[in-house]
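J.:
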Amino acid sequence: MENQYEVNLQSILKDVSKKGWLINLYMLVFQYFSTIYLTLLNPYSSAYIQMIKILWIPLQIIYIMVVWSLFKCFVSDPGRVPKHWQMFFGQQGRNRYCLLCHNYKPDRCNHCFECKRCVLNMDHHSFWIKNCVGYYNSKFYLLFWFYINLSATFSLIVVSLQIYPKIMNLFYRDDKQEIQNQSNLPTLLLLLYLFVIAVLTLKSLIVRIKLAITNQTIISQLDQRGQQDGQRFQYDIRYKFNQSFIVKENWFQVMGTNPWLWPFPIYGQSGRPKGDGINWQRNQN
Numbered sequence: 001m002e003n004q005y006e007v008n009l010q011s012i013l014k015d016v017s018k019k020g021w022l023i024n025l026y027m028l029v030f031q032y033f034s035t036i037y038l039t040l041l042n043p044y045s046s047a048y049i050q051m052i053k054i055l056w057i058p059l060q061i062i063y064i065m066v067v068w069s070l071f072k073c074f075v076s077d078p079g080r081v082p083k084h085w086q087m088f089f090g091q092q093g094r095n096r097y098c099l100l101c102h103n104y105k106p107d108r109c110n111h112c113f114e115c116k117r118c119v120l121n122m123d124h125h126s127f128w129i130k131n132c133v134g135y136y137n138s139k140f141y142l143l144f145w146f147y148i149n150l151s152a153t154f155s156l157i158v159v160s161l162q163i164y165p166k167i168m169n170l171f172y173r174d175d176k177q178e179i180q181n182q183s184n185l186p187t188l189l190l191l192l193y194l195f196v197i198a199v200l201t202l203k204s205l206i207v208r209i210k211l212a213i214t215n216q217t218i219i220s221q222l223d224q225r226g227q228q229d230g231q232r233f234q235y236d237i238r239y240k241f242n243q244s245f246i247v248k249e250n251w252f253q254v255m256g257t258n259p260w261l262w263p264f265p266i267y268g269q270s271g272r273p274k275g276d277g278i279n280w281q282r283n284q285n
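With the UniProt record's numbering applied, the sequence shown has no gaps in its numbers, which climb one by one up to 285 at the end.
If you want it as structure tokens, here you go:
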């Protein structure tokens, strides 16, 4: 019975992982249209709050950036190993060979069983975007979490402004009646939902920023933890990657070298990541 339960649970988790990107889209669409309806289109909305109308244009821009970043995460190649690539004489590190791709692979490159190929500087395979997070799309993935958090926070502010006068009226009325307006309950539920999303996405955003400025990936973090436990993983610990190589340089490596392009999910000719995803500066301590 327990085995059957475990099999069913694994099947459910596998199905969710395959459809995670759809769940992501559904949540985004729900968040956007719920915010728009309950604050601007709902006939019971507090339309007299001019601040909501002022925030209308920034709200649209933020959601456009969310969709743009998500689209780039969907379609961008995280990074492929060049065909017939192999280590040259004198290069540091171990000569690593992928038995599945039948090709040599550089440091920090790992095989993804979902994408069925090796990915440069692989971070992880994200079911939220149905794609790997690697060297050439880490920026888009970071921007996705930034804008999804910003959209939830901004929507939270807009919805709070809509419900705030009603709550204040209840506290300052002589007969403190319970909230009975039919528009209040959905608004309060949306408020709670947006708060939860804002907190969760902020946590993910902080993780992505920390990984970017320390020149790490989720896989490299797991490797380090394993080495601390006395286990050996894919690369030789005698050649540690330089993870203290100036925060700015690490940031350039993810976000590109043109600061004007950092807010946008594009690279352009002047904003490509610093490096090539194959050669990495190392500490030999």
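All residues carry an ideal CB built from backbone N, CA and C; glycine is no exception.
Where does valine 131 sit, in a helix, a strand or coil, going by DSSP?
T.: A small fix is needed here, since residue 131 is asparagine in this sequence, not valine. Looking at asparagine 131 - three-state DSSP - the assignment turns out to be strand.
J.: Can you pull the DSSP bridge partners for lysine 105?
T.: Its beta-bridge partners are Arg96.
J.: Hey, how far is the Cα of valine 66 from the Cα of proline 82?
T.: Those two C-alpha atoms are separated by around 31 Å.
J.: Who are the Cβ neighbours of lysine 274 in its own chain at under 6 Å, not counting the five residues just before and after it?
T.: Excluding positions up to five away in sequence, the list reads Phe252, Gln253 and Thr257.
J.: Closer than 7 Å by C-beta to aspartate 148: which residues in its own chain qualify, once you throw out the five before and the five after it? Chain order, please.
T.: The amino acid at residue 148 is misidentified as aspartate; the sequence shows isoleucine. Closer than 7 Å at the Cβ level, and outside the excluded window around isoleucine 148, lie Val66 and Thr201.
J.: Kindly indicate which residue of Asn24, Ser204 and Cys73 has the alpha-carbon position closest to the one of tyrosine 135.
T.: Nearest option by C-alpha distance: Cys73.
J.: Hey, how far is the Cα of arginine 272 from the Cα of leucine 261?
T.: Cα to Cα, the separation comes out at about 10 Å.
J.: Assuming isoleucine 278 and proline 106 are in contact, meaning their beta carbons sit under 8 Å apart, how far apart are those beta carbons, in whole angstroms?
T.: The pair is a contact, with the Cβ atoms about 4 Å apart (cut-off 8 Å).
J.: Please report the distance separating the alpha-carbon of phenylalanine 140 from that of leucine 189.
T.: Using only the alpha carbons, I get a separation of about 31 Å.
J.: Just to confirm before moving on: does the CB-CB distance between glutamine 31 and alanine 152 stay below 9 Å?
T.: Yes; because the gap between Cβ atoms is below 9 Å, this pair is in contact.
J.: Which of the three DSSP states is assigned to cysteine 73 in this structure?
T.: Here cysteine 73 sits in helix by DSSP.
J.: The alpha helix (DSSP H) spanning valine 196 covers which residue range?
T.: That run of the alpha helix (DSSP H) goes 184-213.
J.: Under DSSP, the beta strand (DSSP E) around proline 119 begins and ends at which residues?
T.: The amino acid at residue 119 is misidentified as proline; the sequence shows valine. Element bounds for valine 119: 117-119.
J.: So what's glycine 268 in DSSP terms, helix, strand or just coil?
T.: Coil.
J.: Note down, in chain order, each residue of its chain lying with its Cβ closer than 7 Å to the Cβ of valine 159, except the 5 sequence neighbours on either side.
T.: The answer, listed in chain order, is Thr35, Leu38, Thr39, Thr187, Leu190, Leu191 and Leu194.
J.: Among Phe113, Lys203 and Ser138, which residue has its Cα nearest to the Cα of asparagine 121?
T.: When only C-alpha atoms are compared, the closest one is Ser138.
J.: Classify aspartate 276: buried if its beta carbon has 16 or more other beta carbons within 10 angstroms, exposed otherwise.
T.: Looking at its Cβ environment, which holds fewer than 16 other Cβ atoms inside 10 Å, aspartate 276 is exposed.
J.: So the candidates are Lys116, Thr217 and Phe127; which of them puts its Cα closest to the Cα of asparagine 250?
T.: With distances taken between Cα atoms, asparagine 250 lies closest to Thr217.
J.: Taking only three categories from DSSP, how would you classify asparagine 110?
T.: If DSSP states are grouped into helix, strand and coil, asparagine 110 belongs with the strands.
J.: Do arginine 80 and arginine 108 have their C-beta atoms within less than 9 Å of each other?
T.: Not in contact: arginine 80 and arginine 108 (Cβ atoms no closer than 9 Å).
J.: Hey, how far is the Cα of tyrosine 104 from the Cα of arginine 96?
T.: Rounded to the nearest angstrom, the two C-alpha atoms are 6 Å apart.
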